[in-house]
Structure formats: C-alpha cells, structure tokens
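Numbering (my numbering), first residue to last: 10 to 247.
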C-alpha cells in the first residue's frame, strides 16, 4: 500500500523555509474522487482502481509496479521491477475490512500486526521477526487527529513524532483518496507540522506542510519543508 506505515521514518530527510498555506475551498470531495498521479521530485506514481474504488495498480516512473488482488478476507500486493516479480505482501483483513496482519514473501520471519480503536483509528502497529517483537508504534489522538506516534524498539523508547494540524482544513489526502482504506480511519484535518524527537536528544527542526487546492477542495500541490530544503508533491485526479 502507498501509505506503508514503516516508511514514515523517511520523512526525516525532508526540509526548507515555512511558506503561507493557501486557503482551502469548502470541501466538496466525493468518495469516488481518486488520485490519478502523484509526483514527488522526479518520480511519478500512476494509480488505477476497480469499480469499487479499490486500488488496482500503482506504477512509478522508476520501473516499480505494485499490483493488488482482493481474495475474500485478504489483499495481495505484488511488487514488480521492470516487469519481474520481486516479492509480495499478504494482508489479512478483519470482519470490518481492516488489515490486522501483514506478511512478506521474501522475509519468512517478518510479520506486522495492526490494532485499532473503537472509532477505527489506528492504535498500534507491532513488527515481529521470527516471533520476537522488534518494533512497536503507538498512536495517540486529539480532536480526531493523530497528534503523536511513539516508537519502541526491543522494548526501549527510540523516537516520538509530534504532529500539528490545520483545524480549518479537512483532510483531502485520506487513505480513501488512494483507494486504500484498509489501515483505519485517517486523521480529520490536513497535517501542518511534524517534529521528530529521538529519545534523549533535542527535537529535530520542524517539518512544515503547506498546500494548494483545486476549486473543489482537492490537494493539487503539497509543499514540504525543513530547514533550507523544500520538497514538492503534485496531484492529479480522475
């Protein structure tokens, strides 16, 4: 899935000066409005969906393709490089259609478990290797937004990510916009800042998120900045 949770740590590499965010138009986003392309730097991701709005494929311009199949009670995500199958993920779904377990074909000892709150928001992600817990991510919420994530590795606290949100801007980049609602309910609002705090260290400089919107409230441009560096994301829709 696009939003593989363990990839979140890669956000540490982003950077630049804070810019004014453009006001978002009143949201008129329909559930059927899906992202067609997402461009980050020189890499373009192109998405397709089935009649139910589920993600079918994700091709990127670097030659990586992800293909999704939906047998009853699970999702199979196959990853190809230059047309050759590399590996696949199998995601088991609970009775509410949420992923509770993930395994990977080329890592027999790998297992990732997901737990949810009563409102379907993500509560905990547990990563195991050969039955031993190697990482735990705990999610905390305020005003229907995930305001922090706490990471434990081998039982020791290693990292906290603290988040702030634009409370006047509804979340226009929910999981559903990518046809991927299987990891729970997204935060209510658009993210404004993220701060990474390593255990025993001072916080890293804040990561700032700013947006431009189209006339119906969909994100057309995402500006991510930290320090003196800026990263741009561009979105088109079906």
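The C-beta atom is built at its ideal place from N, Cα and C for all residues, glycine as well.
Could you give the distance in angstroms between the alpha-carbon of residue i and the alpha-carbon of residue j?
{"i": "residue 136", "j": "residue 204", "result": "23 Å"}
{"i": "residue 55", "j": "residue 131", "result": "26 Å"}
{"i": "residue 50", "j": "residue 239", "result": "10 Å"}
{"i": "residue 36", "j": "residue 124", "result": "At residue 36, the pLDDT of 37 sits below 50, so the modelled position is not reliable; the number obtained from the coordinates is stated separately. Answer to the nearest angstrom: the Cα atoms are 30 Å apart."}
{"i": "residue 119", "j": "residue 85", "result": "16 Å"}
{"i": "residue 99", "j": "residue 69", "result": "21 Å"}
{"i": "residue 178", "j": "residue 117", "result": "42 Å"}
{"i": "residue 45", "j": "residue 231", "result": "15 Å"}
{"i": "residue 196", "j": "residue 223", "result": "21 Å"}
Which partner residues of residue i appear in the DSSP bridge assignment?
{"i": "residue 80", "result": "Residue 80 is not bridged to any residue."}
{"i": "residue 242", "result": "49, 231"}
{"i": "residue 157", "result": "149, 171"}
{"i": "residue 89", "result": "74, 94"}
{"i": "residue 247", "result": "Paired residue(s): none; residue 247 is not in a bridge."}
Please report the residue range of the beta strand (DSSP E) in which residue i lies.
{"i": "residue 70", "result": "Counting along the chain, residue 70 falls outside any beta strand (DSSP E), and DSSP gives it neither H nor E."}
{"i": "residue 47", "result": "44-49"}
{"i": "residue 144", "result": "141-151"}
{"i": "residue 228", "result": "228-235"}
{"i": "residue 220", "result": "216-222"}
Would you mind stating whether residue i and residue j have Cβ atoms separated by less than 8 Å?
{"i": "residue 202", "j": "residue 217", "result": "yes"}
{"i": "residue 59", "j": "residue 83", "result": "no"}
{"i": "residue 128", "j": "residue 194", "result": "yes"}
{"i": "residue 62", "j": "residue 188", "result": "yes"}
{"i": "residue 175", "j": "residue 146", "result": "no"}
What residue ranges within the segment 98-132 form continuous beta strand (DSSP E) runs of no fewer than 3 residues, ordered along the chain?
108-113, 116-125
Complete beta strand (DSSP E) runs within the segment 159-201 (minimum length 3 residues, chain order)
165-179
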